[in-house]
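The structure under discussion appears below in the form of structure tokens.
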Amino acid sequence: MILLSITTSLAQDKEAKITLTFDKADSLYVCKALVTSEGIPVSEVPVNLSVKRLFGNLPIGEAIATDSTGVAAFEVPLDIPSKNGKLTIIATIVDDENYINTETSGIVNWGMVIVSDNSNVEDRSISAARDKAPIYFITVSLLIIGLIWGTLIYAVLQVFKIKRLGRVDKIEEFKITN
Amino acid sequence: MEKENNNSSRRNFLRLGALGGIALAGTAIANAVTDESPKTTGKKVKVLTADGKLIEIDSSQVDHHAAKDNFSSEEVRQGVEGKKFIRVIDLGKCANERKCITGCQKAHNILAPIEYIKVKKMQDSALAAPYWFPTMCYHCDNPPCVKVCPVDATFKRSDGIVAMDYDRCIGCKFCMAACPYSARTFNFGRSEQLKFTEEHKNDTSDPNHCTTPYAQEGTVAKCDFCTDRSAQGLLPACVVECPNGAIYHGDELEDVVTNGEDTLRLKKLLLDRAGYRQFEELGTKPRVYYLPPVKRDFPFEDATEAQNTKE
Amino acid sequence: MSEDINITETTNKHETFTQEEYMVMKSDLLRPIEKIGKAGKIWIAFLITVFLAGVFAYYVQETRGKYTTISLRDYTMWGIYISNFLFMVAIGLVGVLMSAILKLTHFEWYRPLSRIAEVIAIGAILFAGISIVVAMGRPDRLFNLILYGRIQSPIIWDVIGISTDLVASLILLFIPLIPSLITCRNNLKNLPKWQLKMYNFLSFGWQGTPEQWKILKKTMRILTILLIPLGILICTITAWLFATTLRPEWDSTNFGAYFVSNGFLLSAAVMILATFIFRKAYNLEKYLTEMHFDKLGQALVLMALIHGYFNINEYLIPAYKMSSLHENHLLSLFIGKDALFYWSVVIFGIIVPFLLPLFPKMRKPIPLTIISVIVLIAGWFRLYLIVIPGLLQPYLPIQDVPESWKHYFPSLVEITIVTATFAGLLLIVTVFSRLFPIISVWEVAEGELEGKEEITNYK
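Residue numbers (the working numbering), protein chains in the order written: chain A, 1427 to 1604; chain B, 360 to 670; chain C, 133 to 591.
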């Protein structure tokens, strides 16, 4: 799989161009960075490879100098997590005496897909939101509250019954005396 | 006749009351057992379509940067999608510079003695080595504070952050009592702080500015992992300000933490350097790991002056 | 004639008392409602003044900012408002203790005490709730508790429990009051019209018919039985406010029992104090007799013993182990800066009520009341010792903080508000006793028949 991306650099030092190729060899991920300057591959140029992450770039291994063919080969770990399997690989030449800082990046499907386990926040638990209390919790609480308040409401109803009995008596009395 | 009407009307009233009560209880039960998470937020956002038209759609359909938008209160409770923030602190690198503390205070527009991140001198026993210990809210996975909040004003998000809703907090301070790490702080209405908050309400000048405001008076505040900055990939203020790079911040799902200069793989770091969590036995499952001060970059130096002496 | 108590309803196990005796009893018990002397008026005025001072202090607290008016800080975030809340909940158990347990175990001597106990319980629970609201940072958001309440939170359990207990106690106060209201209405003709109207309205058409008596007695019995687990549950939930946290001084499996036993001890003490005050103030020596103090003194001994047992479990056993989690806290209590405090509380709060009332001379009204006052004061400080000292020894050491954050002493505003809650409690009890008979006339009459022998033969 060949992917081409080019970033040009500016001014005094010689320009260098990095071309990335991504290969799979013996169940290993190999990323080759070909460094050319004015069309000619150059050797003995240290190249840094890294993976783009949320808060910065994770370096992959040490800086590797290009060999006689101008290629620096990196072994990319198999277990770099990624949301959708895609990784953005970045190759840079930094602080080299002969060449200006350059950077190249490419996207490749070498990420290990991690499905975010955010589901535990949706679970029912004691530390969850109001609507996600454990079922046993809700049932037991409502049961206890229901029993107690049921009894209290019954007591209040009985008081009203007393009132009603009082009235009935007055009627009887009235009927008797008349 | 009249009495019977009274009786039946009273009975009807009681029946109505009972029905109302059952309806209320039923709604309460239904609310408690069903999922309340909203699909749409109801906030409209203007976007430009591919063919150049300006339309309004619900904000839940747009990927947005936390720092630039005002999240609706439902979104604030959801958390940033697909991330689980985590922190590793290298105790061998902490020299009590307190730049993390001042950086955090400036970024959140709070004044001393309010500190979201504290640096404590610890010595586990008489013969053990003393070390400087930066501590802040650990955004625990089994948070004792979230369990006890009566009104759901503090809650655990899907991205690991334990966040605060200042508008709902009733100031009972139960979360402060429940936190074993003393991570939380209360706004008692100190007049200098009130004035400062008022003056710097819209002040975003600090390079590490975090949009989370300081707690309202009578509510609880704490470290928030600089939520809006983290969501964008900007490191929190304390991480940026530490001159020794002692605090590493990252995403557990990406398996990477960084202190701004060094970016390392999280699991390997914890395995190689024997990372541990503070008071692991309490079972709070903090999201901050510590690396023991085994190979110190520099020897331990005691503090020379007392801090926060002003009331 | 038929409006008065239906005497033939009760079983005539002993001699009946004459109509004369009954009239004397009625006039004795109704006199506080009829007449209020100068001392009574001054007392009520004093209580109102103190209460209003508390209201003003709360206003000061809310308007001038909490940082300057109260001593709470980040580490000592709970102060005497919370310990006062615990105290109020503890004496709220007096209703359970007197009314329920003694009624159900057929100790007849409880009868004059039941209404006093219920009123104190209601006042205490009310001011427990008020103590909590005063401690809130945002009392304007009180309704968030209902709108957004989480059933998983111990505070919500407490809110539900306290309101349930308040309602239950009110109903249990009110139902036995119904026959007394008719007695008031019929016998106190020269009271202001609104008062007579109130009695009439609240008496709910009480005629004293056999059916009404049956319903009344049955409902009272059901509620009395309900009140026992309810009261104990409320006190336990209050303990769980602390026991559900990880702080070492509160992380104890013993807490529920510790709080409930403390509640019963303080309830016995407050009952003795209230009985003595009413006995003296309203000249009720015939009804609140020396026998009552004798029995209450014995109850005090029992409660002190039980609480002492849980106290030993709470403090001495962790001290044996001296885990470093508890070490600082325990040493500070036993031999450190809180030592004088702690041992005074143990001696005056547990040993004194256990030892002294063992002597019959100490169970006379005046000595026993003094002991009760001491027990109540020690009990208030015991709850202070539970809440505050441990806060100053958190897991992670307190360093680099202003001086006021390193210790806690309540400010003037806090002390005023707490005093006002006591004034409010006394005010409720006093005003109630001036409007309604503080001793249940019919219950005493009933008791006279069934327990007169016990009272008259008391040596």
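Even glycine gets a Cβ: it sits at the ideal position worked out from N, Cα and C. Because the structure is a prediction, the values reported are computed rather than measured.
| Check | Outcome |
| --- | --- |
| Could you check if serine 399 of chain C is buried or exposed, using at least 16 other CB atoms within 10 Å of its CB as the buried criterion? | buried |
| Would valine 505 of chain C and serine 215 of chain C be called neighbours here (beta carbons separated by less than 7 Å)? | no |
| State yes or no: is the C-beta of glycine 522 of chain C within less than 7 Å of the C-beta of isoleucine 482 of chain C? | no |
| Relative to the C-alpha of proline 1503 of chain A, which residue among A/Tyr1525, A/Arg1590, A/Thr1518 and A/Asn1535 is closest? | A/Asn1535 |
| Check whether chain C comes within 7 Å of lysine 1589 of chain A, counting only Cβ atoms and requiring the distance to be less than that. | yes |
| Report the neighbours of leucine 378 of chain C on chain B: residues whose CB is nearer than 9 Å to its CB, in chain order. | Pro503, Ala537, Cys538, Pro539, Phe638, Leu641, Gly642 and Thr643 |
| What beta strand (DSSP E) runs, 3 residues minimum, are completely inside the stretch 1491–1554 of chain A? | 1497–1502, 1513–1519 and 1528–1534 |
| I'd like the span of the alpha helix (DSSP H) that includes asparagine 332 of chain C, first residue to last. | 325–334 |
| If you run the structure through DSSP and keep just helix, strand and coil, what is glycine 556 of chain C? | helix |
| Could you compute how far the alpha carbon of phenylalanine 547 of chain B sits from the alpha carbon of glycine 577 of chain B? | 6 Å |
| Could you tell me the alpha carbon to alpha carbon distance between alanine 662 of chain B and valine 1461 of chain A, rounded to whole angstroms? | 52 Å |
| In or out: phenylalanine 326 of chain C buried (at least 16 other Cβ within 10 Å) or exposed? | The sequence shown places tryptophan at residue 326 of chain C, rather than the phenylalanine named in the question. With fewer than 16 Cβ atoms within 10 Å of its Cβ, tryptophan 326 of chain C is classed as exposed. |
| Below 8 Å on C-beta distance, what does isoleucine 287 of chain C contact in chain B? | Val507, Pro509, Cys531 and Phe533 |
| Identify the contact partners of glycine 261 of chain C in chain F, using a Cβ-Cβ distance below 9 Å as the criterion. | Although the question refers to chain F, the structure presented lacks it and instead comprises the protein chains A, B and C. |
| Is there a Cβ of chain B sitting closer than 7 Å to that of glycine 198 of chain C, yes or no? | The identity of residue 198 of chain C in the sequence shown is lysine, whereas the question assumes glycine. For lysine 198 of chain C, the answer is yes, since a Cβ of chain B falls inside 7 Å of its Cβ. |
| For leucine 420 of chain C, which three-state DSSP category applies? | coil |
| If you draw a straight line from the C-alpha of threonine 368 of chain C to the C-alpha of tryptophan 289 of chain C, how long is it? | 10 Å |
| Applying the 10 Å Cβ sphere with the 16-neighbour rule, what's the burial state of glutamine 637 of chain B? | buried |
| Anyone know if the C-beta pair for glutamate 670 of chain B and proline 534 of chain C falls short of 7 Å? | yes |
| Shortest alpha-carbon distance to proline 676 of chain C belongs to which of C/Val507, C/Glu417 and C/Gly511? | Given a span of 133 to 591 for chain C in the structure shown, any question on residue 676 of chain C remains unanswerable. |
| Rounded to whole angstroms, what is the Cα-Cα separation between aspartate 383 of chain C and alanine 375 of chain C? | 5 Å |
| Is the CB of threonine 544 of chain B under 7 Å away from at least one CB in chain C? | yes |
| Would you call the stretch 291–301 of chain C and the stretch 564–574 of chain B in contact, with 3 or more CB pairs under 8 Å? | no |
| Since phenylalanine 444 of chain B is in the beta strand (DSSP E), which residue starts that stretch and which ends it? | 444–449 |
| Is the distance from the Cβ of valine 433 of chain C to the Cβ of proline 489 of chain C below 7 Å? | yes |
| Going by C-alpha to C-alpha distance, which of B/Ala485, B/His467, B/Cys463 and B/Leu470 sits closest to threonine 494 of chain B? | B/Cys463 |
| When burial is assigned at 16 or more other CB atoms within 10 Å of the CB, is alanine 487 of chain B buried or exposed? | exposed |
| Tell whether a beta-carbon distance below 7 Å holds between glutamine 344 of chain C and isoleucine 1579 of chain A. | no |
| Considering only the alpha carbon of each residue, which of B/Pro645, B/Leu612, B/Lys477 and B/Arg446 lies closest to asparagine 1510 of chain A? | B/Leu612 |
| Using a Cβ-Cβ distance cut-off of 7 Å, determine whether aspartate 1439 of chain A contacts chain C. | no |
| Under 8 Å by Cβ, that's how I've got leucine 161 of chain C and isoleucine 571 of chain C pegged, so tell me the actual separation to the nearest angstrom. | 5 Å |
| Could you spell out where the beta strand (DSSP E) holding isoleucine 606 of chain B opens and where it closes? | 606–610 |
| Please classify proline 1610 of chain A: does DSSP put it in a helix, a strand, or coil? | The structure shown does not extend to residue 1610 of chain A, since chain A is modelled only from 1427 through 1604, so no value can be given for it. |
| Is the CB of arginine 516 of chain B under 7 Å away from at least one CB in chain C? | no |
| At the 7 Å Cβ level, is leucine 313 of chain C part of the contact set with chain A, yes or no? | no |
| Return no unless some Cβ of chain B is closer than 7 Å to the Cβ of proline 1507 of chain A. | yes |
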